[in-house]
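Below you'll find the structure, written out as structure tokens, and then a few comments.
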Amino acid sequence: MIRALLPHPLLALGLFVTSLLMSGSVGPPSIALAAVLALATPQVMRALDAQTIPIRSPGAIVALAGCVVIDVLRSNWAVAAIILGRRRHERQSGFIHVPLDLKDRYALAVLAVILTATPGTLWVEYDSATGRLLLHVLDLVEEDEWIHLIKDRYERRLMEIFE
Amino acid sequence: MSQAILFWGLTIAQALLVAAMALAAWRAVRGPRAQDRVLGLDTFYLNGMLLLLVFGIRTGGSIYFYAALIIGMLGFAATVALAKFLMRGEVIE
Amino acid sequence: MSVADLPAWACVVVGLLALAGAALSFLGAVGLCSFKTFYERVHAPTLGATLGMALIVAASILFFTLIEGRFMPRELLIGVFLTVTTPVTLILLGRAALFRDRTEFARDEAADEPEPSTPSLP
Amino acid sequence: MSLWDHHLILLPILLPMVMASAMLLFDERRRRLKSVISLTAMAAILLVALALLHESMTGAVDGGDTARVYRLGDWSAPFGIVLVADRLSAMMVALTSVLGAGVLAFALARWDRAGPRFHALFLFLIMGVNGAFLTGDLFNLFVFFEIMLAASYGLALHGSGEARIRAGLTYIAINLTASLLFLIGVSLLYGVTGTLNMAEFALKVRTIAPDDRGLLHVGAAILGTAFLIKCAAWPLGFWLAPTYTAASAPSAAAFAILSKVGVYVVLRLSLLAFGDGAGASAHFGQPWLLVAGLATLAFGTLGLIASRDLSRAGAYAVMVSSGTILAVAGVGDKAVLGGALFYLIGSTLACGAMFLLAEVLQRGVDSGGQRERAVFDDEYRDPFDDDERNEPGLVIPAAVAALGGAFLICTLMIAGLPPLSGFIGKLAMLDGLARSVSPASIAVIVGLSLSSLGGLIGLTRLGVGALWARDDDAPELVVGAAELAGMGGLLAACVLLAIFGGAGLGFAEHTAEWLGRPDAYIRAVLGTTP
Amino acid sequence: MTEFVLAAAIGVLSAAGTWLLLRPRTFQVIKGLSLLSYAVNLFIFSMGRLRSGMPPITAKGAERPELYADPTPQALVLTAIVISFALTALFLVVLLASRGATGSDHVDGREPAE
Amino acid sequence: MSSNLLLLVILAAPFLGAAVAAGLPRHARTAAAILSWLVSLVSLVSLAALWPRFADGEVLRLAIPWLPSLGVSLILRLDGLSWIFAALILGIGALVVLYARYYMSPKDPVPRFFSFLLAFMGAMQGVVLSGNLIQLAVFWELTSLFSFLLIGYWHQNASAREGARMALTVTALGGLCLLVGMILIGGIAGSYDLDDVLAAKSVILADPRSVVALALVLMGALTKSAQFPFHFWLPRAMAAPTPVSAYLHSATMVKAGIFLLLRMWPIFGQTELWYFVVAGAGVATLLIGAWCAIFQHDLKGLLAYSTISHLGLIVLLLGLGSPLGAIAAIFHTVNHATFKASLFMAAGIIDHEAGTRDMRKLSGLYKFMPITGTLAIVAAAAMAGVPLLNGFLSKEMFLAEVVAGSDGHALNAALPVLATLASAFGVLYSLRFILATFFGPPPTALDRVPHEPPAWMRRPVEILVALCLLVGVLPAITVGPFLRSAAVAVLGFDDLPYYSLALWHGFNMPLLLSVLALGGGVLAYAIFGQKLNTNPRGGPWGLKRLNGGYLFEKAMTGIVKGARWVESRLGTERMQPQLRLVVLAALAAGAAAAFAGGVAIRPSWSSPGASEFIFAALWLTGGGCAVAAAWQAKYHRLAAVVLMGAAGLVSCITFVWMSAPDLALTQLLVEVVTTVLLLLGLRWLPKRREDIQASRAELVRSRRRRRVDLVIAAVVGLALAFVSYAVMTRPMVEGISRFFVERAYSEGGGRNVVNVILVDFRAFDTFGEITVLGIVGLTVLALLRRFRPASDSLPAPNQKQARERAGPVAEGRKAGDALRDTMLIPRVVMRWMFPFVIVLAVHLFLRGHDLPGGGFAAGVALSIAVLLQYMANGARWVEERLLLRPILWIGWGLTIAAGCGLVAIGFNRPFLTSAFQYVNLPLLGQVPLASAVVFDLGVVLLVVGATVLMLVALAHQSLRRARDDAEAEQAEGGA
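Here it is, written out as structure tokens:
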């Protein structure tokens, strides 16, 4: 019953909040609208046969988020520095291959978003057959360090959350 | 004084964003390859959106929020289409 | 509350946040122009899309919260959606570039001058 | 006022629109249903239009010397949009309906099956044209222009085919440019006068600050250019002949009214806003109309003579007709204008019939849209390849005689020879022009006479070729009952116009006189005395 | 100065659009029409004169027209945008059809005979 | 019976008969003939019944109003002149009908022939009975028209078609001139009524315009009567069946010109122009016609030229301007009609029975058809002017008139000589006609043995010949009274001169000339007869060059060629020049108006603030993008799309900057959709390479073209910038906007004035605008259903092919895996975005009335949501899951919008009247409800339908391509 009404609870919550924010008010009409939208809209996802995302470890999410924020800040700084011309000569960019154990596509999506949103790294290509990820890195100092970073900081946590 | 900081802060922010747009446009014009141009457009959109946000602050009106939101939510559709065209030669297959 | 009644600290904070965000964004654009290869350039705008955007959004939220006297972080929506969507574009673009470089069908519909630096093939 | 009566003026616009939208809700394969719907709609529109016409002739107030005004959304003019039906509008709407009914009947024989959604597009076209005639608002006019054009793009390409597409591309490009000019003109007029309502605009023209008058004229000139493009005035009308020639017969026939929309607007605006009472703007642009009209007349006549097939001749006949009216409008004599209005009715019907006739006569031998190369992808064949579809319905006997008669009537109408209404209109114009001898009127007299002769020369040459000198291997002439009914209806209207020429001409002259008194129009729309 | 900038913008857009409109390739023409419609939209908009920061969104109650930008041209532009969007789409399809039927993307459906 | 009714019968009966005959079945030859005969008889009897009414110059009138405002009524006016012409038309008509019954072959559609003949008869009656100048011109043109149909009756023959066209062209040209002339005369006289015009003689002659009018009228008369130099159409018209020639081209239609001259004679008869033109044309025609007649081999050709000559004679008589001349003209008209009609019929009989009309093949027919031969001999004698026959009488009068007037001008002095010469020619060709046909050795070249025709076919000839004799012997009794009444009608009762219709006037000059002519003719035949019959030199001696028909045809082809040349020179079907013209015309119109009216600019340079500079910088970028887009559009189409997007964004920002958030939203959304559309289209356009070089000449040309275009573009830009600047720097005018702002909330129920305008104040615009969108959707669908891509666009794009190739196939991957991997991440994001975009659209829609947004924006946002799914997942995937029926959406959208408007009508308010109300809902509080929202809902549905339709229809082309390829492959594999 609940599943029929709320196939994707997280999505519904997200939509509810989104709708409220869009209304820009918390008056009764806005809440009513948000509720209606939060209940009604996810029904279309049924048509798009999206699977429900099982969330295993809420704590890991927080940890991951914090991790990402810090990394983003750090790499912003790093890239800004590069652009401003410091370390112009020693820097070298390039592709690296990262073997991933992650299989869940939502997890992969989140990883892709994180990696790409972080300045300095770009998710380029993922081969689902081999689980190999091709990554472009702006400041490629040590290939193994990057691989380690990704597997350790992100992949592990993502596996915790999704698998 | 603080008002002046606010004013000039926002003004310079706007100027910087416009300059950023100009640079992005330059990239779009120069290329050299198609992906550079698309990237330029994406950056252009991004900075345009930020400009709208700053403009909202400057004028104190929240009405412009939606324009920015639409760029944020849907602006990428155009770039995705472009990128997909580059990659596949076809936008919808 | 109108703009004139805004407390001094808020003025300064909002102004500086916006300025910083814009500066970061600008820097990203500079990078876009100054880097030599596409794969380098593709990293630059992320500056504006992440921290730059975040700073300006923060400025906006702070400003409107004070002006309207209630906490309504609408601009967060922009932040969230932008964070989610920008990578999609960049991933596709990177993919496209890589693929175009790999298969040298030289001058097609969208082709321009060839990339000066040869991309590394995996 | 009864419910029906009050909203009467809306129906020529709303009926086709509602019927067309309703049709979209049904599957395209239900052809019979769609035919019935569109025929019903057309018949209803015709009735409404005739009622409007009747009312405008015999209206309760001032013996018909007022206009019926409908305030859309219940907002009063000049703020809301108003529909205005005066004698001219009613006449044009009635003309559209008659033409539309004839063309639709013709199309039902087979052409409605040459491509998808013919009926809906056709009704939308009628809606657009009627709207353009009825609206009293400049921007709304633009909107109806676009409806009409959008539908005409669809209809011009109806049936597809290389020639149609090739001509259609030019047609669309030029009309899009014209639409942009229209927008520039309208907005400029708004920027200077602050209004969009035609009646109020006319008032503002009289009182505008001298400083702003120049800008006003610039706006009017640009707007006028846009309309002249629509009228196919030389040198802006070269798109017309290829497009109309390539278009399928019913589309081309329906298009006969399109250029008249341009003519209508030119007449309406120039007489309303730039009439005698417009102060320094009086008769603005009139000499240009004269020049453009004469040039169009000459070019159209030459084109008619040069034509290699009948539909092309029909297209040039449309140009001749626009040129004639523009030139007369350029002379600016009210007495002559009545004749021109009368001529407009007859020539439009005749041009329409001409396109239909051309299709029947050239069937199988034409190089129209689709013969040269099949352009189908999923169905590589002629639109009428299918045997079951190829029949134009019930075939009538003595086709040659009937078509010959029809052709004769068309020729007489287009060349303006006695005794049909084309002649009456020309006679009325010549009569008026001969009364006031001026270089302009002499030029127009010469132009009109020569165009008659040219029309005769061109059309007899083509007609003799199409009817008398048919190749042995040319397919036998066949005409379906529906096709003949469509053509016959249009031509019968021409004949009736001649028989009741006195009444018709009287109406047209009365209309011209009414147009010469814009104050009455303004009063009717704005409810104030200017 | 704002007026000057906008006027110059309209000028540049329309000049670029006109130039493209007169080119021989269909794609150029459609781009020209789009650029021109940008220019025309701005032109219509400019007819209501320029006002910054006064969107025509009224407060409830006392409405003083002086406080708002002229809404009428904005409404006109909206209509114009929609219509020009529709017609651009149509033109695009027709030019594709023309290219398909004639094999050429020249505006006349055939390469200029030289 | 009242005279009015009789008059009406005379005119209407032939037309009614024509209508009935047209309806008869194809083979009803006899029925049609009887009908026609009855009709002409009825008319003739009616006419005869009217005879006693106007012996003394009275006039019968019957007016039927037609075009009162122009003073044109149908006036039937019968006087002596009309009567005699009408009698001629009906009488000979009746005989011709009889003749035609036997002449026409049953293989032809004879009822149609009779129908045309009767209609022609009616038209002729109309001409002669006209009491109104315009009416005369109308029926005049009708005679041309029916003559055209009759000449072209055997339209299988090219000569018939050409003859018909030529006759029509020449006579219609004359008719048009006549019409204009009549209008001028009517304008001068102040009335078109013939009686008024005749009464206004002095006014007309005093007006300088009358010269032009006369010239035009004469043009009409001379063309119709086949006068030099317009005579050439008549011989060509001989391609008509012989009854037609007998009727139209000898007795009636060609006499219409004479009739007209007679009608105008009282007014213009004495003017200089009249004399020179009419008499000059007459004498030239008289001689040339006679001369040419001598050399014809075709019987009908001979008769045709003879007709021309005789018409010239009559015209000359009229041109002399003397009353006696006019009387002689009338008399000869009647006489000519009788003998020439009978001769034509005789020629027809010969043709019918002998199978040819060629005098070189004919010979000695008298033995085979003695009666016909006798009749022909008598008629030919009348034609030659042999005494005791009618031709002699009128020719005497002619010669007398010529002699009497032989003073003054040189032309006058020469006239007696010329007239005698022409008469001698007449004798010569008459002799030749008879001798070559009926006498000499029996014919050898004929296919069959000739014999006498059926008796009833000969009857008409007999009657006519009898008339010739009767009039010739007893002129005063037979034709006298009619001639007198006709003369009275022309000359007036008081001015009627003395004339005598006696056979014998004593020995006088005319008689001498007659004898001279007879003798000369006989002598000439004796000398040249044999030579003429073979005529080794061919054509008329000395006049071979003067082949009017040939020249005319040359002229006609010249006109057509010239018209084509002009059409190609002054017109174009190419798009570029046309667009250039459009742009230039608009520029010129605007510039002309601006220079004439003066446009003042009042610049307002308030010291610019920082934000103005930012704005300027913004547009520096935007303008740069626009220019770059223009520059790149040829070779780098994708770049152009990108740069256009940038320019579009700048204009969005401008909208925001200048307080138009709604515009910004809409423009942004449309921008996205347009970009995708263009990209969808780009796939089907050909590759364009910079490295393909055109020829040198082409390069030079195109460079010049570009330079010109660049100038035009720059001027357009400057002009538009100038105008907008001029307006922007002016103070705001007080307009309709005040009303909108003031009432938006209180009466429209919305705070967003723009939106209230769109859905309420000017909802009708929006109503129209969505209709446009819907129509375009339909058109796109129709076009794409039959879309056929060019061959070089057929294969899948390089990228795709290469992609499939490039994937490491070895590791057990399937085709398509590559795509799935590529789109893995975007697909997840875009799929989950879907509900969020829907929420956004709902918000845009709901808030529209109060804040920026609205139905259109919501609709486009929804379409983009769908579009994203298409891009991420592919069309097939989406369509398996989402049921989209765009056409239904369009239909419902329009229906809802219209229905919303119609609800108001239910409350007896105008269409689209909106209502709004604040409703108190439990829990939610006060919620505004405006009926305009429903209207907006229609907008949303339509926009979604139309936009998705366009995108999907375009996208499906690739799919279909792929499917077709697969099918083709399958078929190949199977084979």
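These protein sequence lines map, in sequence, to chains A, B, C, D, E and F.
Under the UniProt record's numbering, the residues of the first sequence are numbered 1 to 163, in order.
Under the UniProt record's numbering, the residues of the second sequence are numbered 1 to 93, in order.
Under the UniProt record's numbering, the residues of the third sequence are numbered 1 to 122, in order.
Under the UniProt record's numbering, the residues of the fourth sequence are numbered 1 to 530, in order.
Under the UniProt record's numbering, the residues of the fifth sequence are numbered 1 to 114, in order.
Under the UniProt record's numbering, the residues of the sixth sequence are numbered 1 to 975, in order.
Think of the CB as a built atom: it goes at the ideal place given N, C-alpha and C, for glycine as much as any other residue.
Which residues bound the alpha helix (DSSP H) around F120(F)? Taken as a continuous stretch (DSSP letters only), the alpha helix (DSSP H) holding F120(F) covers 110-129.
Three-state secondary structure assigned by DSSP to R373(D): The predicted position of R373(D) is uncertain, since its pLDDT is 37 and thus under 50; no value can be drawn from it.
W111(D): buried (16+ other C-beta within 10 angstroms of its C-beta) or exposed? Buried: at least 16 other Cβ atoms inside 10 Å.
Once DSSP output is grouped into helix, strand and coil, what is the label at I535(F)? The sequence given here places Asn at residue 535(F); Ile does not occur at that position. When secondary structure is reduced to three states using DSSP, N535(F) falls in the coil class, being assigned neither helix nor strand.
With burial defined as no fewer than 16 other Cβ atoms inside 10 Å of the residue's Cβ, what is the status of I653(F): buried or exposed? Burial call: buried.
Give me the chain F residues within the contact set of L21(E), using Cβ-Cβ distance strictly less than 8 Å, ordered along the chain. Contact note: L21(E) reaches chain F through L579, V583, using a C-beta cutoff of 8 Å and chain order.
Nearest-angstrom Cα separation, counted from W146(A) out to G14(A): If you take the alpha carbons of G14(A) and W146(A), they lie about 33 Å apart.
Between the alpha carbons of V96(F) and A246(F), how many angstroms are there, rounded? Answer to the nearest angstrom: the Cα atoms are 7 Å apart.
From which residue to which residue does the beta strand (DSSP E) around D127(A) run? D127(A) -> beta strand (DSSP E) spans 121-127.
Can you check which of these residues, L67(E), I81(E), F27(E), is closest to L42(E) by C-alpha distance? For the residues L67(E), I81(E), F27(E), the minimum Cα distance to L42(E) belongs to I81(E).
Considering only the beta carbon of each residue, do K260(D) and T348(D) sit closer than 8 Å? Their beta carbons are under 8 Å apart, which means K260(D) touches T348(D) by this criterion.
If you measure from the beta carbon of S191(F) to each beta carbon in chain D, is any gap under 8 Å? No Cβ of chain D is located within less than 8 Å of the beta carbon of S191(F).
Smallest Cα separation from G320(F): which of A279(F), R357(F), W291(F)? Note on residue identity: the sequence assigns Leu, not Gly, to residue 320(F). Checked all of A279(F), R357(F), W291(F); the closest Cα to L320(F) is A279(F).
Looking at C-alpha atoms only, which residue of I770(F), V727(F), G848(F) is the closest neighbour of G185(D)? Nearest to G185(D) by alpha-carbon distance, out of I770(F), V727(F), G848(F), is V727(F).
Is L287(F) close to chain H, meaning its C-beta is less than 8 Å from at least one C-beta of that chain? Absent from the structure is chain H; the protein chains it does hold are A, B, C, D, E and F.
L310(D) to A160(F) span [Cα, whole Å]: Cα to Cα, the separation comes out at about 21 Å.
To the nearest angstrom, how far is the alpha carbon of E462(F) from that of A33(F)? The straight-line gap from Cα to Cα measures roughly 19 Å.
Output needed in chain order: residues of the region 35-66 of chain E with a Cβ under 7 Å from some Cβ in chain B. For the region 35-66 of chain E, which is checked against every Cβ of chain B, the residues closer than 7 Å are G53, P55, I57.
I need the straight-line Cα distance from V103(D) to L95(D), nearest angstrom please. Each residue's CA atom was taken as its position, placing V103(D) and L95(D) some 12 Å apart.
Run down chain A in chain order and give the residues with a C-beta less than 7 Å from the C-beta of M72(C). Within 7 Å Cβ-Cβ: G24.
Run through chain E and tell me which residues come within less than 7 Å of G89(B), C-beta to C-beta. Within chain E, no residue comes near G89(B); the closest Cβ sits about 15 Å away, beyond 7 Å.
What residues in the region 107-120 of chain A bring their beta carbon closer than 8 Å to a beta carbon of chain F? Listed in sequence order: L108, A109, A112, V113.
L921(F) burial status per 10 Å Cβ neighbour count (16 or more: buried): By the 16-neighbour rule on beta-carbons within 10 angstroms, L921(F) is exposed.
Residue range of the beta strand (DSSP E) that includes R117(D): No beta strand (DSSP E) holds R117(D); DSSP gives it neither H nor E.
A503(D) versus A340(D) - alpha carbon distance: So the two alpha carbons sit approximately 15 Å from each other.
When the distance is taken between beta carbons, is F342(D) closer than 8 Å to A256(D)? Contact: no.
Any beta-carbon of chain F closer than 8 Å to the one on A4(B)? Taking Cβ atoms only, chain F never reaches closer than 8 Å to A4(B), which makes this a no.
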